[in-house]
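Line by line, the protein sequences are chains A and B.
First residue of the first sequence? That's 1 in the numbering used here, and the numbers climb one at a time after it.
First residue of the second sequence? That's 1001 in the numbering used here, and the numbers climb one at a time after it.
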Amino acid sequence: MFAAENGLKGDPRLEAISRAIRVVPHFPKPGIMFQDITTLLLDHKAFKDTVEIFVDRYRDMDISVVAGVEARGFMFGPSIALAIGAKFVPLRKPRKLPGEVISEEYVLEYGVDCLQMHVGAVQPGERAIVIDDLVATGGTLSAAIKLLERAGAEVVECGCVIGLPETKGQCRLNGKPLYILVGPRDVDDCC
Amino acid sequence: MSACKDEDPRINRIKTSIRVVPNFPKPGIMFQDITTLLLDPQTFKDTVDLFVERYKGKNISVVAGIEARGFIFGPPIALAIGAKFVPLRKPKKLPGEVISEDYTLEYGRDCLQMHVGAVETGERALVVDDLVATGGTLCAAINLLKRAGAHVVECACVIELPDLKGRERLKGKPLYVLVESH
């Protein structure tokens, strides 16, 4: 569900966040209009507002785990975790985490990829959110949800800064709610 | 310089929260794993607070973090001190126009990239990473920022491996760490 349809309609922070995102055409390959959040990170107020919107939403939901998907989920997740008093759990590509891990494979457009989480990072019964910069097909988030559930956590919601049209109308992922701040920008919108 | 270990009680908790994983990524390496630090909300907060206390009010407008563990510590510091966050990444990850800096590894070479236009001439910058070993990556980061016209004020890491003498390879830039591991 989009933040604007859920209590933040007309919130000027959302407009500023959207404007701070840059579109890079044909990256990583022709036809893809890449939604670049690095320009959002350069805008201190917009970055702060992004984190605050998520913090305001999750602070009273008894969340003890914020899981962030490598690598852009690492740019947003930890600040949210710190503000709500939760632990931060990085979900990483294979062979990055040094300790014992559990792995979840997921399907890409061509081929498969894999996400890993440390054994023991999460305890059964913990309430968790998953944070990433963008959700497209939901394949990566889906793998993230599965990892947390396999460790016994309850995934309360997935939070993303940007949601692409592929997810529109689909407010849930594996049955879990999805909370999105803004939609994609067109290259024509950009200055 | 290291944070004053004898005086600040937060330092000891930070040190003990870091897990050592033997023989990762290869035999003989004792890997300093900060993921266990991130699992303790108070300790993670203390880590960030120690850096924020040092850098707040020092007119730093850029915090550059090195992929990927620098992305965990850098943004909270940037947000708290009013600076922008600039990710420094491995090749082909940043979508826009980049500048690149090659650096030497134990075997072979690697490369760090920064977006053109992320940093402006004269900006005061910090470089943040979880750990400094030989200093090769930090040195590449310093070079990128310098090439963009920024003034690197200091490098900040949670952990230093002093035996690898990375401190000497930072082109004269100071290094601030919270814990040392021998």
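Beta carbons are placed, not taken as given, at the ideal position from N, Cα and C, and that holds for glycine.
Please read these numbers as outputs of a predicted model, since none were measured by experiment.
When the cut-off is 9 Å and only beta carbons count, does residue i lie next to chain B?
i, result
"S18(A)", "no"
"K96(A)", "yes"
"F2(A)", "no"
"P28(A)", "yes"
"R150(A)", "no"
"G159(A)", "no"
"K87(A)", "yes"
"E70(A)", "yes"
"S103(A)", "no"
"D43(A)", "yes"
"G99(A)", "yes"
DSSP three-state label for residue i, please.
i, result
"R72(A)", "coil"
"E1067(B)", "coil"
"F44(A)", "What sits at residue 44(A) in the sequence shown is His, not Phe. Looking at H44(A) - three-state DSSP - the assignment turns out to be helix."
"R185(A)", "coil"
"V1119(B)", "coil"
"C191(A)", "No answer about C191(A) holds up, because its pLDDT of 49 lies below 50 and its placement is not dependable."
"G1074(B)", "helix"
"A128(A)", "strand"
"K1090(B)", "coil"
"L1178(B)", "strand"
"D1129(B)", "strand"
"F1051(B)", "helix"
"S64(A)", "coil"
"G1166(B)", "helix"
"G152(A)", "coil"
"L164(A)", "coil"
"R1019(B)", "strand"
"Q35(A)", "strand"
"E1097(B)", "coil"
Going straight from the alpha carbon of residue i to that of residue j, what length do you get?
i, j, result
"L1164(B)", "A1078(B)", "28 Å"
"K1026(B)", "R95(A)", "11 Å"
"V112(A)", "G138(A)", "14 Å"
"S142(A)", "G1172(B)", "46 Å"
"G7(A)", "V156(A)", "18 Å"
"A153(A)", "E1180(B)", "34 Å"
"E109(A)", "L173(A)", "18 Å"
"P90(A)", "L148(A)", "11 Å"
"P1041(B)", "P30(A)", "42 Å"
"K48(A)", "L41(A)", "9 Å"
"C191(A)", "R1010(B)", "In this predicted model, C191(A) has a pLDDT of only 49, less than 50, meaning its place in the structure is not dependable enough to derive any value."
"A1140(B)", "I131(A)", "30 Å"
"Y179(A)", "F2(A)", "6 Å"
"Y58(A)", "P78(A)", "13 Å"
Leaving out the 5 sequence neighbours to the left and right, which residues in its chain are closer than 6 Å to residue i when beta-carbon positions are compared?
i, result
"G1149(B)", "T1121"
"E1097(B)", "V1116"
"R92(A)", "E70 and Q116"
Quick one: list the residues of chain C neighbouring residue i, beta-carbon separation under 8 Å, in chain order.
i, result
"V51(A)", "Absence of chain C from the displayed structure is noted, the protein chains being A and B."
With a CB to CB cut of under 7 Å and the five nearest residues on each side skipped, what residues in its chain are close to residue i?
i, result
"L1183(B)", "Residue 1183(B) lies beyond the stretch modelled for chain B, which goes from 1001 to 1182, so this question has no answer here."
"I1034(B)", "I1018, R1069, D1130 and V1158"
Could you tell me whether any Cβ in chain A is nearer than 9 Å to the Cβ of residue i?
i, result
"A1125(B)", "no"
"V1179(B)", "no"
"L1038(B)", "yes"
"I1072(B)", "yes"
"H1182(B)", "no"
"K1015(B)", "no"
"P1041(B)", "yes"
"R1010(B)", "no"
"D1110(B)", "no"
"G1082(B)", "yes"
"L1175(B)", "no"
Would you list the one or two residues that DSSP bridges to residue i?
i, result
"P94(A)", "In the DSSP output, where bridge partners are listed per residue, P94(A) has none listed."
"F2(A)", "I180(A)"
"C1111(B)", "D1102(B)"
Compute every distance between the C-beta of residue i and the non-hydrogen atoms of the ligand GTP, then say whether any falls below 8 Å.
i, result
"N1143(B)", "Among the components modelled here there is no ligand, and therefore nothing to report on the ligand GTP."
Between residue i and the rest of its own chain, which residues show a CB-CB distance below 8 Å, the 5 nearest in sequence each way excluded?
i, result
"L134(A)", "Q35, I37, R72, C160, V161, I162, G163 and L164"
"A166(A)", "The displayed chain sequence assigns Glu, not Ala, to residue 166(A). Excluding positions up to five away in sequence, the list reads A136, T137 and G138."
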